[in-house]
Amino acid sequence: MNATPRPRIRFAAAFGFGLVHAAALGILALDFSWEGVALCLGSYYLRMFAITAGFHRYFAHRTYRMNRFWQFVMAFVGQTAAQKGVLWWAAHHRHHHRFSDQPEDIHSPVQKGFWWSHMGWILADEYEETQLEAIRDFTKFPELVWLDRNQFLAPMLYGLGLWLAFSWTGLFWGFFLSTVLLWHGTFAINSVTHVFGKRVFETRDTSRNSFILALVTMGEGWHNNHHHFQASAAQGFLWWQVDPSLYLIRLGRLLGIAKDLRPVPEKVVGLARERAVWHFSSRTFERAREAFDAAQAGWDARAEQLSARWVERRETALASASHRLSELDASRLRAAAQLERLKAEYAAALAAAAAGTRLRGQRAKALAGIRVEELRLEIEKTRRSLVDALERLVEASGMGDGLPTPA
Ligand SMILES: [Zn+2]
Ligand SMILES: [Zn+2]
179 MNATPRPRIR
189 FAAAFGFGLV
199 HAAALGILAL
209 DFSWEGVALC
219 LGSYYLRMFA
229 ITAGFHRYFA
239 HRTYRMNRFW
249 QFVMAFVGQT
259 AAQKGVLWWA
269 AHHRHHHRFS
279 DQPEDIHSPV
289 QKGFWWSHMG
299 WILADEYEET
309 QLEAIRDFTK
319 FPELVWLDRN
329 QFLAPMLYGL
339 GLWLAFSWTG
349 LFWGFFLSTV
359 LLWHGTFAIN
369 SVTHVFGKRV
379 FETRDTSRNS
389 FILALVTMGE
399 GWHNNHHHFQ
409 ASAAQGFLWW
419 QVDPSLYLIR
429 LGRLLGIAKD
439 LRPVPEKVVG
449 LARERAVWHF
459 SSRTFERARE
469 AFDAAQAGWD
479 ARAEQLSARW
489 VERRETALAS
499 ASHRLSELDA
509 SRLRAAAQLE
519 RLKAEYAAAL
529 AAAAAGTRLR
539 GQRAKALAGI
549 RVEELRLEIE
559 KTRRSLVDAL
569 ERLVEASGMG
579 DGLPTPA
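Its first residue numbered 179, the sequence shown is counted upward by one per residue in the numbering used here.
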């Protein structure tokens with residue numbers, strides 16, 4: 179189920195990628211040590227922070243400011259994660275947001291499959307170059323361009339440093355194993371959070387929120403939040419949406435390193451709070467459907483009552499009344515027809531979203547699920563204008579008294 183063809187994978191890249199995975203197995207040649215575990219985790223989270231707070235929230239999205247010195251430090255530490263150059267990373271990420279889950283998206287599981295979005299695209303010939311035109315705001319710093327061009331320097335120095343300081347434990351636990359885990363932790367945001375998890379916002383892509391991935395990636399698991407509002411330093415919008423990168427950026431603000439953190443607008447926080455329990459995953463999908471159907475039934479009844487009132491006197495009212503009233507009547511008919519059409523489409527989308535639970539059917543299922551959410555909004559909007567037209571008709575024709583109040 180691939181909508182667009184995949185570019186070719188570069189042999190040298192795939193070979194190097196495999197080699198680092200093999201080197202991670204080097205820990206098996208050493209005795210187990212808690213020092214090794216601590217080095218692995220410490221090295222993982224240090225660099226995960228530089229990737230999420232640095233590469234992603236600073237370089238790709240500019241959600242806060244730093245001076246030139248700290249900016250370079252962040253870029254350097256981020257590059258020790260061996261995820262290519264800082265400008266390469268940020269430019270490709272901007273592209274992802276521009277075309278999320280569209281055919282142009284270079285790492286969409288919906289378009290090119292799960293494993294392609296996870297790691298295939300990184301090894302592809304086609305995306306090897308840094309898209310400098312997409313990151314002009316940072317190419318004016320020659321030190322960043324230099325760092326970006328010499329992508330192997332930082333990881334090599336970092337690995338060497340760990341080896342000198344902690345010997346083989348440092349090299350295999352602190353560098354190789356930690357780097358492999360860091361790769362897959364980061365890549366999971368491109369793959370897993372576009373397939374599994376909860377949707378809170380009706381973004382035009384398939385992004386989802388995942389608590390577990392937020393722990394793995396220091397806050398990036400709130401990917402549906404992030405696709406909905408990209409400009410904030412925070413990705414967790416509610417207090418319980420754990421976002422360690424944000425906490426550390428705030429600590430940086432206390433220390434005078436980070437400035438002008440861009441906030442999440444109140445409106446967005448409100449929506450997130452409102453929908454905290456309303457999301458679309460297999461378990462709660464049904465609950466959302468039932469809640470919507472119940473609300474719809476109430477408003478349908480209201481529209482029917484008003485309609486009955488109106489139709490009773492329609493002929494006489496229209497015969498004696500103004501042009502405005504017949505215009506209103508025409509818009510009532512249009513809204514009613516539109517509502518019928520939307521409801522039919524809603525039923526079809528609902529059936530498609532419920533079908534295909536396995537990974538193979540994820541694309542159709544995800545797209546249908548998004549359509550269901552969009553249709554709910556459209557139905558609510560159309561029904562609101564139908565009821566509105568009916569209320570005005572009934573009132574204008576002098577039959578307003580004694581009508582039932584809205585549910
Ligand atoms: Zn982003
Ligand atoms: Zn995404």
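Here a beta-carbon is modelled for each residue, glycine too, at the ideal position from N, C-alpha and C. Keep in mind that this is a model prediction, so the values were computed, not measured.
Give the DSSP-derived three-state secondary structure of residue i in the structure shown.
i      : result
VAL572 : helix
ARG562 : helix
PHE195 : helix
LYS318 : coil
ILE284 : coil
ALA302 : strand
TRP400 : strand
ILE187 : strand
ALA585 : The predicted position of ALA585 is uncertain, since its pLDDT is 45 and thus under 50; a value taken from the coordinates is nonetheless stated next. Looking at ALA585 - three-state DSSP - the assignment turns out to be coil, as it is neither helix nor strand.
ALA567 : helix
Check for me: the alpha helix (DSSP H) holding residue i runs from which residue to which?
i      : result
PRO287 : 287–290
SER423 : 422–432
LEU224 : 212–227
GLU452 : 444–452
PHE407 : PHE407 -> no alpha helix (DSSP H), and no H or E assigned at all.
ASN368 : 356–368
LEU203 : Here LEU203 belongs to no alpha helix (DSSP H), and DSSP marks it neither H nor E.
ALA392 : 389–394
GLY375 : Here GLY375 belongs to no alpha helix (DSSP H), and DSSP marks it neither H nor E.
MET297 : Element bounds for MET297: n/a, residue is neither H nor E.
PRO333 : 331–347
When every heavy atom of ligand 2 is checked, does at least one fall within less than 7 Å of the C-beta of residue i?
i      : result
HIS296 : no
HIS627 : What is shown of the chain runs 179 to 585, which leaves residue 627 out entirely.
HIS406 : no
SER385 : yes
SER485 : no
HIS501 : no
SER211 : no
SER423 : no
SER278 : yes
HIS199 : no
HIS401 : yes
HIS362 : no
Mind checking whether the beta-carbon of residue i lies closer than 7 Å to any heavy atom of ligand 1?
i      : result
ALA366 : no
HIS271 : yes
ALA238 : yes
ALA275 : Just to set this straight, residue 275 is His in the shown sequence, not Ala. Flag set: Cβ of HIS275 near ligand 1.
Start-end ranges of the alpha helix (DSSP H) lying completely within the segment 221–279, minimum 4 residues: 246–257 and 264–276
Any alpha helix (DSSP H) of 4 or more consecutive residues that is wholly inside the segment 465–527: none
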